[in-house]
Amino acid sequence: MALFEQMRANVGKLLRGIDRYRRGGANLAVLKLYQFNPAFFQTGVTAQILLKALTNLPHTDFTLCKCMIDQAHQEERPIRQILYLGELLETCHFQAFWQALDENMELLDGIAGFEDSVRKFICHVVGITYQHIDRWLLAEMLGDLSG
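Residues in the sequence shown are numbered consecutively from 1, following UniProt numbering.
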């Protein structure tokens, strides 16, 4: 029995080690470095990290990243805009999200697949929320794909 407990502890330790290298771990490490070294904070890098985290909704990456950014930096223009986009998605204001995104498309430079990832999240939410949805409403929620 003692051998089993020892092996179990060893597997747990290995899994914790693997978790350090999970997707997004490097981005969280960068934000953690900015917490300890605020003089090195880069708004552009942080904006990219937040946008990447938004592509992973409904997972908690975005919330975790947001909590690692101090209030003063959250007020900077690109970060404030991205946080607003995230709030719209998290509160299921999908039509407003697409309107706000259209006004800030320059934020997506260098983020491949952002819109498709958001659509995947919206489909997930619609799938667990609606039993029936009109085609026009779904099209609006998905960014009016026909337009």
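Here a beta-carbon is modelled for each residue, glycine too, at the ideal position from N, C-alpha and C. All of these numbers come straight from a predicted model, not from anything done at the bench.
Integer Cβ distance of residue i from residue j, believed to fall under 8 Å
| i | j | result |
| --- | --- | --- |
| Cys65 | Leu101 | In fact, because the Cβ distance is near 18 Å, the residues do not count as touching under 8 Å. |
| Phe62 | Gly44 | Rounded, the Cβ-Cβ distance is 18 Å, inconsistent with contact. |
| Thr55 | Gly113 | 7 Å |
| Ala39 | Ile79 | Between Ile79 and Ala39 the Cβ distance is about 17 Å, and since that is not below 8 Å, they are no contact. |
| Val126 | Leu145 | So it is not a contact: roughly 14 Å between Cβ atoms. |
| Phe36 | His73 | At roughly 14 Å, the Cβ-Cβ gap does not stay under 8 Å, so Phe36 and His73 are not in contact. |
Selection from the options that minimises the alpha carbon distance to residue i
| i | options | result |
| --- | --- | --- |
| Glu115 | Lys52, Arg77, Ala47 | Lys52 |
| Gly143 | Gly25, Glu90, Lys120, Glu87 | Lys120 |
| Pro58 | Gln131, Val118, His132, Thr46 | Val118 |
| Leu50 | Val126, Leu33, Arg135, Tyr84 | Tyr84 |
| Glu106 | Phe36, Ile82, Gly127 | Ile82 |
| Leu88 | Phe36, Asp134, Leu108, Met141 | Met141 |
| Ala96 | Ile122, Gly110, Gln71 | Ile122 |
| Ile69 | Asp109, His93, Tyr34 | Tyr34 |
| Cys67 | Lys32, Trp98, Arg77, Gln131 | Lys32 |
| Thr129 | Leu108, Trp98, Ala26, Cys92 | Cys92 |
| Glu90 | Glu76, His124, Arg77, Asn104 | His124 |
9 Å Cβ cutoff, residue i in contact with chain C
| i | result |
| --- | --- |
| Tyr34 | Absent here is chain C; the protein component of the structure consists of one chain. |
Cβ-heavy atom distance, residue i to the ligand PLP, below 8 Å
| i | result |
| --- | --- |
| Glu106 | Among the ligands in the structure shown, none appear at all, so the ligand PLP cannot be discussed. |
Problem - Completely contained alpha helix (DSSP H) runs for the UniProt domain "PCI" (22-147), where each covers 4 or more residues - result: 25-36, 43-54, 61-67, 71-74, 77-90, 94-102, 114-129, 135-141
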